[in-house]
């Protein structure tokens, strides 16, 4: 998503100018990255691959380094002009294709995005891949080779679900407080594959 501080307003027509806005990680995606890295601590053989789809803003090395400094082992970036202002269905299709090509057991994503807040991408990825998809997850209870047990808060109760793997899980911001990367992690991010 574009960094809000770099978005300008065109005086002529009042439209927003994103041309100078660098890409940054959405708060929702930070929670998903942190949740994935916490799961990796429970399963030493696990690998965390971050996946991002977007336009030319994703060529920004600073943004890539920021993602990798937060714990993923590698980053896959799908860049195409058609994804510059992509709608949820376009984003989900590209993410599903890239995930299928890379291989996965579990896809964790943010419950929404900071730009559109559509809350659709995770569920659409699950639909496209024809695997279970659950949104609004506020706690991961356990992970086994074939099942993920999670909780999500509903209006007046907490629901516990056992989800067969592979699956897509969209996590809420309540799941964790993303850590700020250490200097060692920031420097080490430059050595990770993109």
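Numbering (the working numbering), first residue to last: 1344 to 1537.
Where is the CB? At the ideal position from N, CA and C, for every residue including glycine.
- Three or more beta-carbon pairs under 8 Å between the stretch 1398-1407 and the stretch 1352-1359, yes or no? no
- Message: Assuming residue 1514 and residue 1378 are in contact, meaning their beta carbons sit under 8 Å apart, how far apart are those beta carbons, in whole angstroms?
- Response: Taking the chain shown and counting its residues from 1, the one referred to as residue 1514 is at position 171. Taking the chain shown and counting its residues from 1, the one referred to as residue 1378 is at position 35. The pair is a contact, with the Cβ atoms about 5 Å apart (cut-off 8 Å).
- From residue 1389 to residue 1488, what distance separates their C-alpha atoms? Here the question's residue 1389 lines up with position 46 in the chain shown. Here the question's residue 1488 lines up with position 145 in the chain shown. Those two C-alpha atoms are separated by around 11 Å.
- Query: Taking the continuous alpha helix (DSSP H) assigned at residue 1467, which residues delimit it?
  - Reply: Numbered from its first residue, the chain shown carries residue 1467 at position 124. Where residue 1467 is concerned, the enclosing alpha helix (DSSP H) stretches over 1464-1472.
- Message: Using only CA atoms, which one of 1385, 1374, 1422, 1348 lies nearest to residue 1537?
- Response: Numbered from 1 along the chain shown, position 194 holds the residue referred to as residue 1537. For residue 1537, the nearest C-alpha among the options comes from 1422.
- Query: In terms of alpha-carbon separation, which member of 1533, 1391, 1370 lies closest to residue 1380?
  - Reply: Position 37 of the chain shown, counting from 1, holds the residue named residue 1380. Cα-wise, what sits closest to residue 1380 is 1391.
- Counting Cβ pairs closer than 8 Å, one from the stretch 1502-1509 and one from the stretch 1472-1479, do we hit at least three? yes
- State the beta-bridge partners of residue 1476 as determined by DSSP. Numbered from 1 along the chain shown, position 133 holds the residue referred to as residue 1476. Beta-bridge pairing links residue 1476 to 1511.
- Message: Does the CB of residue 1467 have a neighbour CB from chain C at under 9 Å?
- Response: Here there is only one protein chain, and chain C is not present.
- Item | Where the alpha helix (DSSP H) containing residue 1369 begins and where it ends | Sequence index remark: in the chain shown, residue 1369 carries index 26 (1-based). Unbroken run through residue 1369: none, as it is neither H nor E.
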